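> Under the numbering used here, think of the first position of the sequence shown as 406, with each following residue one higher. For each residue, glycine too, the CB sits at the ideal point set by N, CA and C. Note that the structure is a prediction, hence the values are computed from the model and not measured.
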Amino acid sequence: MGVKSNGGGMWSLYTGNNILAQVPTREMWEKLENVLEFNYPYEDISSTFNIEMGLTDVWNDINFYEEKRLHPTQKPVKLIERIIRASSHENMIVLDPFMGSGSTAIACLNLNRYYIGIEKEDKYIEKINSRIAQDKSNQISREQKKQKTDNEYNQLSLELS
406 MGVKSNGGGM WSLYTGNNIL AQVPTREMWE KLENVLEFNY PYEDISSTFN IEMGLTDVWN
466 DINFYEEKRL HPTQKPVKLI ERIIRASSHE NMIVLDPFMG SGSTAIACLN LNRYYIGIEK
526 EDKYIEKINS RIAQDKSNQI SREQKKQKTD NEYNQLSLEL S
């Protein structure tokens with residue numbers, strides 16, 4: 406464990422890939438079960454938390470200023486994707502009771518999750534709908550490009566044979 410500065414005057418405690426930052430081992434889990442008197446099988450927690458790196462309480466590796474700001478408290482899609490990947494599986498439902506800019510909806514579409522979104526302000530609902538429509542259009546375009554590339558590769562393979 407150590408202390409690290411991100412260069413912006415903010416100091417954070419980090420553990421890197423230390424085991425304490427990841428899903429506990431079976432042995433640690435069994436000790437916790439006895440102390441806290443709960444009964445959740447280790448397999449349930451070890452398969453639910455799909456943590457790709459040692460996570461801490463300070464995440465300073467995702468740029469908050471890459472995306473066009475549509476809402477005062479907008480979160481980057483990459484951040485929401487990390488949270489969703491770490492806490493759910495494909496085809497699960499994610500609830501966002503304060504949609505704001507729709508980052509959670511976009512992340513769910515990208516990660517093959519269903520979402521339920523709630524937003525009370527009409528001006529943001531319009532922006533969310535536009536953003537989702539634009540993202541779906543971009544996904545279709547990416548899929549078409551991939552299909553075209555796959556077809557070109559298959560044609561090239563046939564010509565070389």
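Leaving out five residues on either side along the sequence, give the residues of the same chain with a beta carbon under 6 Å from the beta carbon of Ile424.
Translated into the one-based positions of the sequence shown, residue 424 becomes position 19. At Ile424 the pLDDT is 41, less than 50, meaning the model places this residue with poor confidence and gives no usable figure here.
> So is Glu548 buried or exposed if we call it buried at 16+ other beta carbons inside 10 Å?
Stepping through the sequence shown from its first residue, residue 548 is reached at position 143. So Glu548 counts as exposed.
> Going along the chain, which residues of its own chain have a beta-carbon closer than 8 Å to the beta-carbon of Met497, five neighbours each way excluded?
To locate residue 497, count along the sequence shown from 1; it is residue 92. Excluding positions up to five away in sequence, the list reads Arg518 and Tyr519.
> Rounded to whole angstroms, how far is the Cβ of Leu484 from the Cβ of Ile467, which I believe are closer than 8 Å?
The residue given as residue 484 occupies position 79 in the sequence shown. The residue given as residue 467 occupies position 62 in the sequence shown. 5 Å between Cβ atoms; contact.
> So the alpha helix (DSSP H) Val482 belongs to, where does it begin and stop?
Residue numbering aside, residue 482 sits at position 77 when the sequence shown is read from its first letter. First-last of the alpha helix (DSSP H) with Val482: Val482 to Ser492.
> Helix, strand or coil for Ile521? Go by DSSP, reduced to three states.
Locating residue 521 in the sequence shown gives position 116, counting from the first residue. Strand.
> Looking at the strands, I want to know which residues DSSP matches up with Val499.
Working through the sequence shown from its first residue, we reach residue 499 at position 94. In the DSSP output, where bridge partners are listed per residue, Val499 has Tyr520.
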